[in-house]
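A short worksheet on the structure shown next.
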Amino acid sequence: MAWDSTSSFSPTRALTSQLSWLELENWLKYSAPIVTGLVVLLATYLLLDHAQTRPLSKNEPPILPSRIPFLGHVLGMLFQGGRYVKNIGLDNPHLPIFTLPVPFSRIYIVTSPSLALSVQRLPPNSLSFTPLVPDITKRVLGLGPQTVEIVRQNIDPTPGEPSGFLADMHDLVGKSLAPGEEMKKLIRSAAHEFRQVVGGYVPPNPDNVEIDLLVWIRHFVAVATAKVFYGGDNPLAADPQLEEAFWDFDHGLGGLLAGVWPSVMAKKAYKGRERLVKAFERWLVERRYEEEDVAGIIKQRVEIAQRHGWELREVARSEVSFLFAGIVNTATTTFWGVLQVCNDRGLLGEVRKELGVRMDTEEIVWSQKEKVLLEAVVKECLRLNSDTYSTRLVVPKEGVEVTVKGREYWFKGGAVVQISGGTIHSSRDNWGEDVREFRPERFLAGVNYKNFRAFGGGKTLCPGRHFAVAVIRLLIVMVVTKFEVEIVGDKLPEKDDGVLPVHVLEPKERVIVKIRVRDERKFGADE
């Protein structure tokens with residue numbers, strides 16, 4: 024009798040079934056360790072997340088877990104930049120301070136202006152920014168290990184203790200850029216240089232050429248600032264292409280700060296920085312810093328660095344950072360000021376009316392009380408576009424318990440406390456329902472200045488703020504007085520808050536303008 028493949032018993036089916044069992048046994052044999060490993064990894068991952076989201080003390084600030092277990096907050100900050108933390112603060116207005124658990128550590132975020140004032144007054148043996156500086160400068164500037172060790176010495180001296188490099192440099196900058204004769208001398212020099220670059224600018228035919236407003240403003244600020252501090256033979260004057268290298272360095276700071284293979288992962292910024300360092304090293308080796316037109320603060324910076332044992336190549340890296348501090352926030356804030364004023368014909372008319380018929384730069388710079396609208400414009404631009412953090416390290420390794428505004432808080436040792444300027448500047452509770460609108464008049468009516476953190480606060484308060492605001496005010500005046508700036512398009516760009524907010528934020532899109540000369544007169548008279 025012939026075998027029927029459809030009958031209840033079939034050798035083919037039996038063989039297939041046997042092979043299937045063999046395959047299953049083999050799969051189980053070889054995959055069991057993999058499955059076991061995955062289960063162990065998943066269990067470990069969930070246990071780590073569980074441990075991470077448990078309070079370490081009854082007085083630790085409230086913990087806000089992330090949607091993605093364990094790594095969520097790190098990924099959020101990586102992909103959303105400063106906007107991530109800012110929005111968490113805005114979504115939890117009832118929490119003046121909260122904890123973001125991150126792998127094996129904590130970030131404590133302060134969003135209450137009153138609490139921020141109290142936190143920044145805590146003694147440096149509890150919370151301090153300066154212990155973070157050596158590692159930050161090592162990554163961003165590429166300082167060598169010997170120089171980093173010099174920076175670490177006597178970093179937070181108490182009264183009677185010898186001061187280290189960082190303390191000496193902070194005192195110098197604070198003294199030189201505080202209101203007084205030394206700052207007045209620098210402002211006069213800045214006024215002179217801006218008169219040259221702005222007053223001498225001849226715009227191309229606006230019917231044929233459109234200009235990127237931010238790039239245009241940047242050029243003025245970079246050229247003039249380099250000359251004010253480093254003299255006529257400064258590195259940017261010797262090689263104009265260094266301007267591009269400077270902005271490459273600026274735009275890649277986040278990659279450099281990460282410190283992961285920077286020559287590859289932050290290639291453009293790394294190359295830009297090294298080009299600047301070589302140029303400044305050559306400038307130092309040739310002793311150009313001794314020339315008469317170099318600012319006194321630069322000569323003293325070089326002297327302090329060498330006294331503490333810095334090599335000239337390392338001093339060059341330090342001067343790149345000082346040039347950065349002098350240019351970036353000034354340029355970007357001036358851009359926003361010119362953009363907002365020229366976008367509103369009514370505001371433009373009021374600013375020009377406030378300036379009157381005089382074009383005396385001395386009067387523009389120093390008559391702050393009379394030029395209240397211009398001052399308000401600058402501050403409102405800073406409020407809207409400065410999302411910077413004030414950062415402190417929890418110094419005691421065992422953690423620290425502090426009393427702030429009558430309440431006790433415990434912070435984990437080695438963790439970071441950040442005052443979120445972006446949240447404070449964007450809070451309706453602090454600034455009203457129109458918080459997202461540009462309204463400089465809010466500063467005319469008087470504001471609570473604990474809500475305004477564009478310059479940081481406490482020991483991290485920007486020492487160059489008076490000089491920077493004077494220069495910003497001066498440059499806005501020169502541009503809106505001398506030129507008609509026509510903005511192409513009918514919509515202003517939003518700020519790019521999806522990046523690490525290390526300085527005043529740039530726009531998301533380019534702003535294209537047409538520029539015509541409005542007033543042929545010169546600005547004041549050269550001293």
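Numbers 24 to 550, taken from the numbering used here, label the letters of the sequence shown in order.
Cβ atoms here follow ideal geometry from the backbone N, Cα and C, with glycine treated the same way.
Closest in alpha carbon position to T170, among L98, I159, L101, is I159.
Distance from the CA atom of L237 to the CA atom of H96, rounded to whole angstroms, is 32 Å.
Cβ contact annotation for T446 (same chain, cutoff 7 Å, sequence separation greater than five): K109, G112, L113, T134, in chain order. W433 sits in a strand when the DSSP states are folded into three classes. For T357, the enclosing alpha helix (DSSP H) begins and ends at 335-366.
Under the DSSP assignment, Q323 falls in the alpha helix (DSSP H) whose first and last residues are 319-330.
Listed in chain order, the alpha helix (DSSP H) elements of length 4 or more contained wholly in the segment 460-547 are 464-467, 488-505. Boundaries of the beta strand (DSSP E) harbouring I120: 120-125, taken from the DSSP string. In this structure, the alpha-carbon of E456 lies about 19 Å from that of K518.
Collapsing the DSSP output to three states places V283 in coil. Per DSSP, reduced to three states, the secondary structure at Y412 is strand. Between the alpha carbons of A281 and Y432 lies a gap of roughly 30 Å. Taking one beta carbon from each stretch, the segment 478-494 and the segment 137-151 have 3 or more pairs nearer than 8 Å; the two touch.
Around the beta-carbon of D72, 16 or more other beta-carbon atoms lie within 10 Å, marking it buried. By a beta-carbon distance limit of 8 Å, S151 does not contact L497. Their separation comes to about 35 Å. Taking each of Y224, Q176, K250, A339 in turn and checking the Cα distance to R539, the smallest one comes out for Y224. For the 7 Å CB-CB criterion, H526 and N352 form a contact. Straight-line measurement puts the Cα of L299 at about 11 Å from the Cα of D271. Excluding five sequence positions before and after G487, the CB atoms of its chain that fall closer than 6 Å to its own CB belong to L200, given in chain order.
Residue H331 holds the alpha-carbon nearest to the alpha-carbon of L189 among H331, T414, S212.
Runs of the alpha helix (DSSP H) lying entirely within the segment 176-258, each at least 4 residues long, are 188-199, 204-222, 236-253 in chain order. The continuous alpha helix (DSSP H) containing Y293 extends over residues 290-308. In the structure shown, Q169 falls within a helical segment according to DSSP collapsed to helix, strand and coil.
The shortest C-alpha to C-alpha distance from P88 to any of S54, R129, P263 is the one to R129. Ranked by Cα distance from P119, the first of E326, Q264, S443 is S443.
Three or more pairs of CB atoms, one per stretch, sit closer than 8 Å, so the segment 337-353 contacts the segment 288-307.
By the criterion of a C-beta distance shorter than 6 Å, S212 is surrounded in its chain by V251, once the five residues flanking it on both sides are discounted. Beta-carbon to beta-carbon, V325 and V338 are separated by about 6 Å, close enough to satisfy the 8 Å threshold.
With a contact defined as Cβ atoms closer than 8 Å, G167 and R296 miss out at about 14 Å.
DSSP, read as helix, strand or coil, puts I91 in coil. The secondary-structure analysis by DSSP pairs L150 across a beta bridge with V417.
As computed with DSSP, I130 is found in a beta bridge with L123, V439. Nearest neighbour of E216 by Cα position, chosen from V232, A260, E267, V174, turns out to be A260. When DSSP states are grouped into helix, strand and coil, V427 belongs to the strand group. As DSSP reads the structure, I86 sits in a beta bridge with T122. Here DSSP, grouped into helix, strand and coil, assigns Q75 to helix.
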